[in-house]
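Participant:
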Amino acid sequence: MGEQSLANKRLVYEFLSQVERFRHSPAALSEYFADDVLWHGCAPFDTLAGVDALWRALWVPLFASFSGLRRRIDILLGGRCEAENWVASSGYLFGRFEREWLGIAPNDRQTYLRFGEFYRIEAGKIDKVYALYDLIEVMQQAGCDPLPASLGLSGFVPPPRAADGVLLADQAPAESAKTFQIAYDMLFQGMNSFDQENKKSMQFVRYWHDNMHWYGPAGIGATRDLKEFEESHQLPWLRAFPDRRVVWESPMFADGLYAATAGWREVIATHAGEYLGHPPTGKHIEFRVMDFWRREGDLLSENWVLIDLIDTFRQFGVDLFAKLPGETDSL
Numbered sequence: 000m001g002e003q004s005l006a007n008k009r010l011v012y013e014f015l016s017q018v019e020r021f022r023h024s025p026a027a028l029s030e031y032f033a034d035d036v037l038w039h040g041c042a043p044f045d046t047l048a049g050v051d052a053l054w055r056a057l058w059v060p061l062f063a064s065f066s067g068l069r070r071r072i073d074i075l076l077g078g079r080c081e082a083e084n085w086v087a088s089s090g091y092l093f094g095r096f097e098r099e100w101l102g103i104a105p106n107d108r109q110t111y112l113r114f115g116e117f118y119r120i121e122a123g124k125i126d127k128v129y130a131l132y133d134l135i136e137v138m139q140q141a142g143c144d145p146l147p148a149s150l151g152l153s154g155f156v157p158p159p160r161a162a163d164g165v166l167l168a169d170q171a172p173a174e175s176a177k178t179f180q181i182a183y184d185m186l187f188q189g190m191n192s193f194d195q196e197n198k199k200s201m202q203f204v205r206y207w208h209d210n211m212h213w214y215g216p217a218g219i220g221a222t223r224d225l226k227e228f229e230e231s232h233q234l235p236w237l238r239a240f241p242d243r244r245v246v247w248e249s250p251m252f253a254d255g256l257y258a259a260t261a262g263w264r265e266v267i268a269t270h271a272g273e274y275l276g277h278p279p280t281g282k283h284i285e286f287r288v289m290d291f292w293r294r295e296g297d298l299l300s301e302n303w304v305l306i307d308l309i310d311t312f313r314q315f316g317v318d319l320f321a322k323l324p325g326e327t328d329s330l
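Everything in the sequence shown is counted per numbering that gives the first Met the number 0, starting at 0 for the first residue and increasing by one.
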């Protein structure tokens with residue numbers, strides 16, 4: 000991909016590795032972000048404009064609530080999409096949860112916040128971001144869960160099995176192209192070929208290893224093979240949203256064996272069946288879904304997924320923060 004892509008990845012890696020620097024002032028953020036950066040995040044943050052707004056709305060409350068805040072970087076990759084330079088990363092922010100955050104009561108214990116973030120780089124600065132955080136997982140760690148028990152496995156999401164997810168070196172273009180094509184075909188030929196009757200119409204065996212690992216968000220959980228993935232996530236999803244379509248409106252790219260899509264409005268559907276305990280509303284729903292994939296050979300073997308379920312339920316007409324004990328200051 001060249002020196003520019005490597006420089007972009009190193010810039011983002013440096014930013015991600017220096018959490019504590021941003022505690023006292025937005026000045027440190029300005030070393031990495033354009034002054035007019037546009038930040039699109041999960042509910043209740045939604046869209047923030049400018050470094051100062053980002054610092055005050057996101058970083059100040061985080062530092063006030065979590066002591067010793069640090070970051071675990073599990074995946075980092077870079078690439079180009081429609082002539083734009085992007086870097087994506089996933090992992091965990093963690094610290095001791097000591098004060099209320101977004102209406103979530105603290106547990107006074109080390110608490111993990113799963114993140115997925117995409118950064119557009121222009122002239123050596125980050126000028127656009129997509130970010131999803133698993134706030135429901137934080138609620139669960141604090142002892143308050145607004146959703147029914149998940150069908151998938153609950154718990155912290157592991158890094159790649161091969162421990163090779165942080166790509167600070169250049170990757171072979173042919174490998175990147177192969178990974179991109181498989182992920183792209185899975186989304187737009189596989190998932191979009193569902194006939195609303197038979198899950199086999201998506202021909203997932205063409206794209207996924209039998210022993211694939213799918214790491215979904217809290218409320219859905221993780222699955223450990225293709226059968227579990229279909230039973231614990233795909234079938235409930237398809238019953239609830241049988242006309243769902245994957246659309247390409249956000250950056251998607253690949254880097255070696257990894258691919259990712261920012262998924263801002265990645266899936267559109269009609270809420271036609273019960274989902275996570277909520278009856279159908281008949282409403283048009285637009286999902287914020289972020290995916291990171293790893294390929295083995297000719298098939299996808301691991302998939303890390305973040306879904307903004309708080310925004311999804313907001314579209315149902317339900318405020319998940321209102322289900323938490325005590326007063327909330329969100330939404």
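For every residue, glycine included, the Cβ atom is placed at its ideal position computed from N, Cα and C.
Everything numeric in this text was worked out from a predicted model, so none of it was measured.
Applying the criterion that 16 or more other CB atoms from any shown protein chain within 10 Å of the CB defines a buried residue, is R160 buried or exposed?
Facilitator: By one-based count along the sequence shown, residue 160 stands at place 161. Classification of R160: exposed, given that the 10 Å Cβ count is below 16.
Participant: Just to confirm before moving on: does the CB-CB distance between L308 and I135 stay below 8 Å?
Facilitator: By 1-based counting over the sequence shown, the position of residue 308 is 309. By 1-based counting over the sequence shown, the position of residue 135 is 136. In this structure, I135 lies closer than 8 Å to L308 by Cβ.
Participant: Would S175 and G220 be called neighbours here (beta carbons separated by less than 8 Å)?
Facilitator: Counting from one through the sequence shown, the residue named residue 175 turns up at place 176. Counting from one through the sequence shown, the residue named residue 220 turns up at place 221. Contact: no.
Participant: Which residues bound the beta strand (DSSP E) around T260?
Facilitator: In the sequence shown, counting from the first residue as 1, residue 260 sits at position 261. That run of the beta strand (DSSP E) goes Y257 to T260.
Participant: Under the rule that 16 or more other beta-carbon atoms within 10 Å means buried, what is R108, buried or exposed?
Facilitator: Indexing the sequence shown from 1 puts residue 108 at position 109. The residue is exposed, with fewer than 16 neighbouring Cβ atoms inside 10 Å.
Participant: Tell me, please, which residues DSSP counts as bridged to F291.
Facilitator: Here residue 291 refers to the residue found at position 292 when the sequence shown is read from its first residue. A259 and W303.
Participant: What does DSSP give as the partner residue(s) for V336 in the beta ladder?
Facilitator: Residue 336 lies beyond the stretch modelled for the chain, which goes from 0 to 330, so this question has no answer here.
Participant: What span of residues does the alpha helix (DSSP H) with K127 cover, start to end?
Facilitator: The residue you call residue 127 lines up with position 128 of the sequence shown. Looking at the DSSP string, K127 is not in any alpha helix (DSSP H); the run it does join, the beta strand (DSSP E), is K124 to Y132.
Participant: Could you spell out the range, first to last residue, of the alpha helix (DSSP H) harbouring D310?
Facilitator: Here the question's residue 310 lines up with position 311 in the sequence shown. From DSSP, the alpha helix (DSSP H) with D310 extends over L308 to F315.
Participant: Taking the straight line between their C-alpha atoms, what separation do you get for A6 and P324?
Facilitator: Here the question's residue 6 lines up with position 7 in the sequence shown. Here the question's residue 324 lines up with position 325 in the sequence shown. The alpha-carbon atoms of A6 and P324 are separated by roughly 46 Å.
Participant: Taking the DSSP output, what are the residues bridged to D254?
Facilitator: To locate residue 254, count along the sequence shown from 1; it is residue 255. Bridge partners of D254: Y257.
Participant: Assuming G77 contacts D254 (C-beta within less than 8 Å), just tell me the rounded distance between them.
Facilitator: Numbered from 1 along the sequence shown, position 78 holds the residue referred to as residue 77. Numbered from 1 along the sequence shown, position 255 holds the residue referred to as residue 254. G77 to D254, Cβ: 6 Å. Contact.
Participant: According to DSSP, simplified to helix, strand and coil, what is F44?
Facilitator: Position 45 of the sequence shown, counting from 1, holds the residue named residue 44. Of the three classes helix, strand and coil, the one that applies to F44 here is coil, per DSSP.
Participant: Are the beta-carbon atoms belonging to F32 and A261 less than 8 Å from one another?
Facilitator: Numbered from its first residue, the sequence shown carries residue 32 at position 33. Numbered from its first residue, the sequence shown carries residue 261 at position 262. Contact flag unset, no.
Participant: On the DSSP letters alone, give me the boundaries of the beta strand (DSSP E) that I74 sits inside.
Facilitator: Locating residue 74 in the sequence shown gives position 75, counting from the first residue. Taken as a continuous stretch (DSSP letters only), the beta strand (DSSP E) holding I74 covers F65 to C80.
Participant: Tell me the rounded alpha-carbon separation between G296 and N210.
Facilitator: Taking the sequence shown and counting its residues from 1, the one referred to as residue 296 is at position 297. Taking the sequence shown and counting its residues from 1, the one referred to as residue 210 is at position 211. Going from the Cα of G296 to the Cα of N210 covers about 13 Å.
Participant: Near L330, which residues of its chain fall below 6 Å by C-beta distance, leaving aside the five closest residues on each side in sequence?
Facilitator: The sequence position of residue 330 within the sequence shown is 331, counting from 1. With a pLDDT of only 35 at L330, under 50, the local geometry of the prediction cannot be trusted, and the value read off the model is given with reservation. For L330, where only same-chain residues beyond five positions count, the Cβ hits under 6 Å are P43, D318 and F320.
Participant: Go through its chain and collect everything with a Cβ distance to D169's Cβ below 8 Å, but skip five positions before and after it.
Facilitator: Taking the first residue of the sequence shown as position 1, residue 169 is located at position 170. If we look at D169 and ignore the five residues flanking it on each side, its Cβ neighbours are M0, G1, S4 and L5.
Participant: Can you check which of these residues, S88, Q188 and W38, is closest to D163 by C-alpha distance?
Facilitator: In the sequence shown, counting from the first residue as 1, residue 163 sits at position 164. Comparing Cα positions, the closest option is S88.
Participant: Can you round the beta-carbon distance between P241 and Q195 to whole angstroms, since I take them to be within the 8 Å contact cut?
Facilitator: Position 242 of the sequence shown holds residue 241. Position 196 of the sequence shown holds residue 195. With 8 Å as the limit, P241 and Q195 qualify as a contact, their Cβ atoms being about 5 Å apart.
Participant: F155 and Y206 - do their beta-carbons sit closer together than 8 Å?
Facilitator: Here the question's residue 206 lines up with position 207 in the sequence shown. Here the question's residue 155 lines up with position 156 in the sequence shown. No, they are not a contact pair.
Participant: Check whether the segment 95 to 105 and the segment 120 to 129 touch, using three or more Cβ-Cβ pairs below 8 Å as the test.
Facilitator: No, the segment 95 to 105 does not touch the segment 120 to 129.
Participant: Please classify P145: is it buried, with 16 or more other beta-carbons within 10 angstroms of its beta-carbon, or exposed?
Facilitator: Numbered from its first residue, the sequence shown carries residue 145 at position 146. So P145 counts as buried.
Participant: Relative to the C-alpha of D133, which residue among D310, G316, L15 and K322 is closest?
Facilitator: In the sequence shown, the residue the question calls residue 133 occupies position 134. With distances taken between Cα atoms, D133 lies closest to D310.
Participant: Considering only residues of the same chain and omitting the five flanking positions on each side of E13, which have a CB-CB separation below 8 Å?
Facilitator: Residue 13 sits at position 14 when you count from the first residue of the sequence shown. Once the five neighbours on either side are set aside, the close Cβ partners of E13 are Y31.
Participant: Out of W85, A268 and E99, which one is the CA nearest neighbour of M190?
Facilitator: Sequence index remark: in the sequence shown, residue 190 carries index 191 (1-based). Of the candidates W85, A268 and E99, the one whose C-alpha sits nearest the C-alpha of M190 is A268.
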